[in-house]
Amino acid sequence: MKAPTNELHDVAVTAGIEGAAGIVTLNRPRALNALTTAMRERIAAAFAVWARDPQVYAAVVLSATDRAFCAGGDVREMVEWGKARPKDARLSLAAEYSLNWQLDCFTKPTVSLIDGAVMGSGVGITLYGTHRVAGERYRFAMPETGIGLFPDDGVSWAFARMPDEVGMYLALTGRAIGRADAYRLGLVTHCLPAARFAEVRAAISDADPVDPVLDSRHQDPGRGELDALRPAIARCFGEASVETIIAALDAECGETEAWAKGVLRDLQRCSPTSLKVTHRHVREVRGADLSATLKQDFRLASRFMQGDDFYEGVRAGLIDRDHAPKWRPASLQEVSNAAVDAYFAPLDGDELQLASRTEMQAVRS
């Protein structure tokens with residue numbers, strides 16, 4: 592493939608070099624920058640070029656709209672492809688997770704300037720950068736269990752390493768958190784007003800060292816909303832199964848009773864299969880590296896593409912918007928251990944292939 596000179600264009604994403612910085616700008620405001628396969632391909636191509644371009648000191652990822660940073664992947668595209676073009680859907684998933692790995696292996700500083708909602712694949716293109724900067728409207732969520740899927744893009748690897756079972760809580764419920772909690776959990780590295788993002792971009796384009804640029808502008812976001820809930824989250828979400836998590840929530844009383852009842856309502860709206868698969872996935876990847884997590888993501892996503900709940904979840908939540916999905920199976924009790932095991936089984940020669948970190952970081956002429 593011939594390398595681009597300094598600009599890769601698409602209506603929804605641009606990637607170019609400004610001074611010493613490679614700049615990726617998401618520009619699909621009507622869809623809240625939901626990532627299509629074509630957008631991911633352009634981002635991957637840009638980072639491949641910048642990895643070996645001595646002019647590029649650092650990469651910056653930002654949004655052209657103040658409505659959101661990125662609402663996730665384009666699930667309508669995946670629904671269409673999953674039903675009519677399953678081979679293309681699998682190739683798209685492989686490219687998505689390969690991009691996550693590529694970004695994690697990128698050796699230069701990567702600064703994501705995030706204001707507004709960041710969900711799903713939006714987390715996947717920012718989480719593995721060296722610097723993740725949150726504006727005051729930052730909101731993080733991985734709401735996949737509510738549409739019959741699971742937290743993918745390797746994010747379960749991060750969830751598995753969060754303290755006090757907060758990762759399991761976020762993975763199962765899909766609840767959103769603000770930048771104060773995200774900062775305490777390591778999802779973001781710096782907090783500053785979005786009005787100062789332009790200063791950061793300009794400084795990095797001038798090859799100013801990234802750490803001083805961000806450290807000098809960082810403002811502590813204060814206490815998070817989850818701080819007071821940490822003991823209850825650990826108590827409930829440390830349970831060995833989704834069923835016992837629900838029982839623990841049902842038993843909460845006192846100051847956390849109202850919170851627990853709200854969480855129970857959220858879980859009741861989610862796909863039972865998604866909840867059980869997600870619980871096992873987060874538990875299993877505690878001992879895995881990111882590469883292994885992404886390979887398991889590919890297995891799980893491939894299986895969800897072959898099932899019913901993802902298509903039903905998208906229909907109910909995003910297409911018909913009746914918010915009344917008919918999950919199959921409809922209850923946790925109907926989701927057998929054997930059914931969950933089948934999601935994690937090998938893919939018969941169709942596994943995700945990722946180069947080693949050493950190979951990814953080798954300089955190619």
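Going left to right, the sequence shown walks through residues 592 to 956 as my numbering numbers them.
Each residue gets a CB set at the ideal place from its N, CA and C atoms; glycine is no exception.
Beta-carbon separation of residue i and residue j under 9 Å?
i, j, result
"residue 624", "residue 654", "yes"
"residue 702", "residue 805", "yes"
"residue 705", "residue 604", "no"
"residue 720", "residue 687", "no"
"residue 833", "residue 748", "no"
"residue 711", "residue 900", "no"
"residue 826", "residue 839", "yes"
"residue 743", "residue 932", "no"
"residue 666", "residue 715", "no"
"residue 821", "residue 920", "no"
"residue 730", "residue 767", "yes"
"residue 904", "residue 918", "yes"
"residue 737", "residue 758", "no"
"residue 636", "residue 699", "no"
Throw me the rounded Cβ distance for the residue i and residue j pair, which I believe falls under 8 Å.
i, j, result
"residue 741", "residue 697", "In fact, because the Cβ distance is near 26 Å, the residues do not count as touching under 8 Å."
"residue 867", "residue 926", "5 Å"
"residue 602", "residue 661", "Not a contact, Cβ separation roughly 16 Å."
"residue 648", "residue 611", "4 Å"
"residue 707", "residue 659", "4 Å"
"residue 724", "residue 776", "Rounded, the Cβ-Cβ distance is 15 Å, inconsistent with contact."
"residue 680", "residue 896", "5 Å"
"residue 769", "residue 816", "7 Å"
"residue 751", "residue 873", "5 Å"
Does the Cβ of residue i have 16 or more other Cβ atoms within 10 Å, making it buried, or fewer, making it exposed?
i, result
"residue 564", "Any question about residue 564 goes unanswered here, given that the chain covers just 592 to 956."
"residue 861", "buried"
"residue 910", "exposed"
"residue 882", "buried"
"residue 684", "buried"
"residue 844", "exposed"
"residue 735", "buried"
"residue 781", "buried"
"residue 938", "exposed"
"residue 810", "exposed"
"residue 800", "exposed"
"residue 819", "exposed"
"residue 880", "exposed"
"residue 916", "buried"
"residue 695", "buried"
"residue 676", "exposed"
"residue 807", "exposed"
"residue 898", "buried"
"residue 786", "exposed"
"residue 914", "exposed"
"residue 693", "buried"
Just how far apart, CA to CA, sit residue i and residue j?
i, j, result
"residue 936", "residue 622", "34 Å"
"residue 533", "residue 893", "Nothing can be reported for residue 533: it is not among the residues displayed for the chain, which extend from 592 to 956."
"residue 763", "residue 947", "31 Å"
"residue 789", "residue 726", "12 Å"
"residue 863", "residue 756", "20 Å"
"residue 618", "residue 842", "46 Å"
"residue 656", "residue 835", "42 Å"
"residue 824", "residue 644", "46 Å"
"residue 912", "residue 803", "46 Å"
"residue 952", "residue 890", "25 Å"
"residue 682", "residue 669", "11 Å"
"residue 671", "residue 922", "27 Å"
"residue 794", "residue 613", "13 Å"
"residue 609", "residue 640", "14 Å"
"residue 713", "residue 848", "33 Å"
"residue 733", "residue 773", "13 Å"
"residue 858", "residue 798", "47 Å"
"residue 678", "residue 813", "47 Å"
"residue 620", "residue 929", "42 Å"
"residue 865", "residue 633", "30 Å"
"residue 829", "residue 878", "16 Å"
"residue 831", "residue 941", "31 Å"
"residue 850", "residue 949", "46 Å"
"residue 760", "residue 646", "43 Å"
Look up residue i in the DSSP assignment and give the residues it is bridged to.
i, result
"residue 609", "612"
"residue 705", "725"
"residue 626", "664"
"residue 781", "724"
"residue 768", "731"
"residue 650", "613 and 701"
"residue 896", "DSSP lists no partner for residue 896."
"residue 604", "617"
"residue 951", "Answer is none; residue 951 lacks a bridge partner."
"residue 710", "732"
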